[in-house]
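Structure first, then comments.
Residue numbers (my numbering), protein chains in the order written: chain B, 96 to 406; chain U, 129 to 373.
Now the structure itself:
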């Protein structure tokens, strides 16, 4: 049995003159949550469609759980769950009927189906409303139900295409919590596309960054942050005027210094100590309340990658 | 395979019943159909409703309109409501999805026709019987059942082909309706356009054919058309094209 959930080699897909996926080689181990990050139109959805055998690649190959996504597409789909671009729920049917239908599709026995539907809907706090037509539900509830549908048959790998897109922050956070809980309980491999970097940082143990069909980087979020540059210091306080900034910029260990949203942000050259810089700031008239030293956020790493590629 | 086809039929019927749960949403149409073909026309025709071979034409024609609305929704509806891609991402085979959609439409059209046939018999027996049970002669009864099934399949085959390509349910429904109209009126007007002498000769030939022979010939032609349409729909059913369309 292969240890990889997803494996692609030089995978490309063109639509006329547009390259949606460009020579992508990617390996995703089993049992992790993999975040596939990229702006709109980067090729994330096309990649999922290629992995599920819904589209034929122009060149290269893709394997899911060791099965060729093109020639053994039915084997791939048999072992996969999916929440695609649209939730795919039958709005005229009740939540229970939606899940019952897909339980039948995956040939789950009647008793297993009933038990599994109860388990998932209870966990997602939808059990009490199972008899309602899905069309009457809020978007957040529908997304939760679609996640339940994707996990219903206990697939080995689940593809989630921007599961929190279009949700308000509260609903998105709730869905993320549910997703994290379900993934931990079910032990399933999750291939998640998103352009919400906080979401990726929270859920994913490995991320890949894609832009214009090209895979720019793959790794643990910490690795990506480290790749984006040196550590930085963030200082909360007052009195960070031009004099303080000019003084900091003359220091050899400071790459840049600027005030962002009232905070003094200093990009450092290497892993240097911040305390001497704080003393200098105080000496120059600045008032320091709080000092934080750390790496760039995943969002900054992402933007750095996007910027590098543009150059 | 059969279990998968049944799963699709189950879902289609669930949706159909949910969509027609309101009086205006479809029950009214069913009531009108049942009222006209199960009560009004048998009442008007009396014994002739079961004795005359004209019943063959009625029941071959009726399912065309019943299947039409259901089959137009099959793929165009899934596309319009954005449920198609999720369905295609499931483990179901192309053929199971296609057959399931067609079987659901046929079961609706043919099923309602059978209900109309039985109700018509009840109406005739209640109002026109003289102490004996009025039934269709075996040849005509079987012919009615067979022809209504085959015409249901014909519209399902043509309709699914149209629905696979149509952008919206409305577009699909309109195109299927036009196809059904052509199917009905082209032979009628075509015959009228023929020279008188030829029409007389054709009428003589028709008079000479027994009902059973006519049913068998029509059934054979319809069966061939049904198979051809199903094969055409199968070849047109391509997941990649359906997703990108």
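Yeah, the Cβ is synthetic: ideal placement off N, Cα and C, and Gly gets one too.
Item, Value
"Residue 336 of chain B (DSSP reduced to helix, strand or coil)", "coil"
"Pair within 9 Å by beta-carbon distance, residue 287 of chain B and residue 217 of chain U", "no"
"Stretch pair the region 179–197 of chain U + the region 370–387 of chain B: three plus CB contacts closer than 8 Å", "no"
"C-alpha distance - residue 360 of chain U paired with residue 237 of chain U, whole-angstrom precision", "21 Å"
"Pick from B/134, B/349, B/302 and B/356 that is closest to residue 393 of chain B, judged by C-alpha positions", "B/302"
"Bridge partners - residue 358 of chain B, DSSP secondary structure assignment", "B/331 and B/355"
"9 Å Cβ cutoff, residue 371 of chain U in contact with chain B", "yes"
"Straight-line Cα distance separating residue 273 of chain U from residue 242 of chain B", "45 Å"
"Contact list for the region 210–230 of chain U against chain B, Cβ threshold 9 Å", "210, 211, 212, 213, 214, 215, 216, 217, 218, 219, 220 and 221"
"Boundaries (first-last residue) of the alpha helix (DSSP H) holding residue 293 of chain B", "292–298"
"Within 9 Å, strictly: CB atoms of residue 284 of chain U and residue 233 of chain U", "yes"
"Chain B contact for residue 143 of chain U (CB, 9 Å cutoff)", "yes"
"Min CB distance residue 367 of chain U to chain B below 9 Å", "yes"
"Three or more C-beta pairs below 8 Å linking the region 120–127 of chain B and the region 302–316 of chain B", "yes"
"Stretch pair the region 252–268 of chain U + the region 203–218 of chain U: three plus CB contacts closer than 8 Å", "no"
"Unbroken alpha helix (DSSP H) run spanning residue 208 of chain B, endpoints", "205–218"
"Backbone secondary structure at residue 112 of chain B - three-state DSSP", "coil"
"Limits of the unbroken beta strand (DSSP E) element including residue 254 of chain B", "252–256"
"Anticipated Cβ contact below 8 Å, residue 297 of chain U with residue 222 of chain U, distance rounded", "Not really, about 21 Å apart at Cβ, beyond 8 Å."
"Reference residue 178 of chain U; option with closest CA among U/277, U/247 and U/227", "U/247"
"Cα-Cα separation, residue 241 of chain U to residue 130 of chain U", "24 Å"
"Coarse secondary structure for residue 366 of chain B, derived from DSSP in three states", "coil"
"Neighbour list for residue 332 of chain U in chain B, Cβ cutoff strictly below 8 Å", "Residues of chain B passing the Cβ test: none, with the nearest at roughly 54 Å."
"Sub-9 Å separation of residue 284 of chain B and residue 127 of chain B beta-carbons", "yes"
"9 Å Cβ cutoff, residue 146 of chain U in contact with chain B", "yes"
"For residue 160 of chain U, the nearest candidate out of U/244, U/224 and U/144 (CA to CA)", "U/244"
"Closest Cα partner of residue 345 of chain U within the set U/324, U/275 and U/301", "U/275"
"Three-state secondary structure (DSSP) of residue 446 of chain B", "Given that chain B is displayed from residue 96 to residue 406, the structure contains no residue 446 of chain B and the question cannot be resolved."
"Contacts around residue 340 of chain B, its chain only, beta-carbon distance under 6 Å, and the 5 residues preceding and following it disregarded", "352"
"Those runs of the alpha helix (DSSP H) which lie wholly inside the region 114–166 of chain B and span at least 4 residues", "139–146"
"Candidates U/339, U/235, U/341 and U/214, of which the one nearest residue 368 of chain U by Cα", "U/214"
"Sequence-distant residues of its chain with Cβ nearer than 6 Å to residue 308 of chain B (five each side left out)", "114, 115, 116, 117 and 138"
"Backbone secondary structure at residue 280 of chain B - three-state DSSP", "helix"
"Close-in-space but distant-in-sequence residues of the same chain around residue 300 of chain B (CB under 7 Å, 5 per side omitted)", "127, 128 and 315"
"Where the alpha helix (DSSP H) through residue 202 of chain U begins and ends", "182–208"
"Short CB-CB distance (under 9 Å) between residue 234 of chain B and chain U", "no"
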